[in-house]
Structure formats: structure tokens, C-alpha cells
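Residue numbers (this note's numbering): 356 to 668. From the three backbone atoms N, C-alpha and C, an ideal C-beta is built for every residue, glycine too.
Shown next, in the form of C-alpha cells:
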């Protein structure tokens, strides 16, 4: 299905595998790229030299395009960007920061730059910064999220109305039907996170993957908006957080409870009680752990079937 996204990234299907912390290592990224979509390595959970290792392994595992997702809030950002350039990565998705900071620097080195936003306001800022495409991520998404709680089906047409560059929809997309719905609303492609967490190639702990599969409607909640909004599965840590909220905590008190490496403990190490378990609302529709190639094939087939059904309405 050739369009602006497949042409921009030189991929078969207009699907991007999200670069998620503790889930998106080289195995997931290379498997995604080999399946005809754009695989992304999630740099947010990697020290610079670990990122270099993942990029090198990904290059050996696939000859197809892949990229790196870089949250710009980390202190060693210059070192990370230097490694990306040194290793010849041609696609970078930036998030959690001002797109003006790195867009021109990366593009001057021949790198395609995409920025992740959660509002029309930031979509326009990203377009003004000169990015090549935008990911507009709705409130349903897992991980870090927007404070305004704008849903994907509301956000996509509002962003589409304001921008001219390619638009990628994210948040609550794990099926071909959802992919079709967001593209009808104006998206040129989709970014998928939670569905790829529950894949065989994801670097998430097997126990976390099973929690995702077992999740039902209402099992996740957006919280920690005073720090950086994040959608979590409700577990012991989440319940302790809610108890603290009853005391009207300061941001410092929230940081103290959060501590360090809690996301790693939950998603990568499998501590289902004390860990931070980030996943999207769509987990309630994820019922199995499958190879990436099968996930992509199922999505594309469902998209085509849904498109035919819609054409008959």
C-alpha cells in the first residue's frame, strides 16, 4: 500500500513499530523491518554504548531500513546523537523535547527526522522546526503521554487540519481495523507500540508480556501528570501511588516514591508488584504473544478486509 509514509521510509507497509523503553531492542526492530514495516530501537532505556551495540546488531540482522527513537530529556543526548550518526542510522524519531534542538543538525547529516507530539500546538511547532513527519499520539497510548488527554480519534483530524507534512497516528492502534480508522481520519500511517510489546522478539520480560495479554478494560490508568504523564497497569506500585495522591503530594514526594529504574524493574526484570508497568489501553484487545511477522501479517490482512467492507457501506 504505497503512500507518503512508505515512500518516506522505503518500507512496504505504512506501519511503524514504536521505539519503547525496555521493549524495543535490536531483535524487535530488525524483526519489524524484516516484516516490511519500520522498526525502531528505543534509545530511552540504553546507555550510549549499549545503543551502539544494538544498532550494530540490528544492521547485521536486517538489510531493511530501521531507526532509533530518542527521548530528548536525557543528559547524554549529544553522545547518543553522535553514535547514531557514526553508525549510519538514517531515521530518527525524537520525543520529549523541543524539535528545533536537533532537527536541522540531524537533517544536515542526511537523516530523516520525525517528532512525536500529543497536541495540535506541538504538531505545529514540529512542522515549523522542519521535521519530515509527525507522530500524533492520543491519550490511549502506553508509556509517556500528553497532559490534555486528547483521544487519538479526536487528535488525528485536528492535527491533519493544521499540518501539511506526513502524519502518523499513534495510541490505541493494534489492529488493522484501527489502522484503517485512523487513516480515514487523515493519517498517512500508524505507529504501533503495545501490540509489539506482546511479541516474541520484544525485549520485555516474559511475565510482563503475560500481564499485557491478561489485561482487561480499565486495567490501565494515566497518572504522574505532575512529572511526566504515564499510563500504567494497576499493580501494587500503582496502588501505593494512589494512596500518596490522597495526601496532595508535591512533585518531590512523587519523585521519592517513584525512585530510580522502576520501569526497568517492571518491564525488563519482571517485578510485577514494585515495577512500573507501562502499556496502552489497547492491551484489553491483545490476547496472545506472537512473532512480529505474524502480527504484521494479521494487521495488514485485517486492514484490507475492513477496507473492502467499508467500501460496501
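Given residue i as reference, the closest of the options once Cα atoms are compared
{"i": "residue 366", "options": "633, 422 and 378", "result": "422"}
{"i": "residue 519", "options": "619, 533 and 480", "result": "480"}
{"i": "residue 657", "options": "380, 357, 643 and 534", "result": "534"}
{"i": "residue 650", "options": "529, 594, 589 and 462", "result": "529"}
{"i": "residue 370", "options": "668, 661, 654 and 666", "result": "654"}
{"i": "residue 488", "options": "464, 632, 478 and 495", "result": "478"}
{"i": "residue 648", "options": "428, 389 and 571", "result": "389"}
{"i": "residue 385", "options": "622, 556 and 639", "result": "556"}
{"i": "residue 581", "options": "374, 606 and 593", "result": "606"}
{"i": "residue 449", "options": "613, 590, 467 and 626", "result": "467"}
{"i": "residue 506", "options": "560, 486, 460 and 473", "result": "473"}
Environment of residue i [buried if 16+ CB atoms lie within 10 Å]
{"i": "residue 548", "result": "buried"}
{"i": "residue 378", "result": "buried"}
{"i": "residue 443", "result": "exposed"}
{"i": "residue 602", "result": "exposed"}
{"i": "residue 584", "result": "buried"}
{"i": "residue 399", "result": "buried"}
{"i": "residue 590", "result": "buried"}
{"i": "residue 469", "result": "buried"}
{"i": "residue 543", "result": "buried"}
{"i": "residue 510", "result": "buried"}
{"i": "residue 392", "result": "buried"}
{"i": "residue 628", "result": "exposed"}
Bounding residues of the beta strand (DSSP E) (the contiguous stretch that carries residue i)
{"i": "residue 576", "result": "575–578"}
{"i": "residue 424", "result": "421–426"}
{"i": "residue 448", "result": "446–450"}
{"i": "residue 544", "result": "544–547"}
{"i": "residue 397", "result": "394–397"}
{"i": "residue 492", "result": "488–492"}
Residue span of the alpha helix (DSSP H) that contains residue i, given as start and end
{"i": "residue 409", "result": "403–416"}
{"i": "residue 511", "result": "507–517"}
For residue i, three-class secondary structure by DSSP
{"i": "residue 586", "result": "strand"}
{"i": "residue 609", "result": "helix"}
{"i": "residue 632", "result": "coil"}
{"i": "residue 650", "result": "helix"}
{"i": "residue 498", "result": "strand"}
Cβ-Cβ separation, residue j to residue i (assumed contact under 8 Å), whole Å
{"i": "residue 636", "j": "residue 537", "result": "Between residue 537 and residue 636 the Cβ distance is about 15 Å, and since that is not below 8 Å, they are no contact."}
{"i": "residue 526", "j": "residue 504", "result": "Not quite, the Cβ-Cβ distance comes to about 11 Å (not below 8 Å), so this is no contact."}
{"i": "residue 413", "j": "residue 438", "result": "The pair is not a contact, with the Cβ atoms about 13 Å apart (cut-off 8 Å)."}
{"i": "residue 406", "j": "residue 394", "result": "Contact flag wrong, Cβ pair sits at about 14 Å."}
Any C-beta of chain D under 7 Å from that of residue i
{"i": "residue 579", "result": "No chain D appears in this structure, which consists of one protein chain only."}
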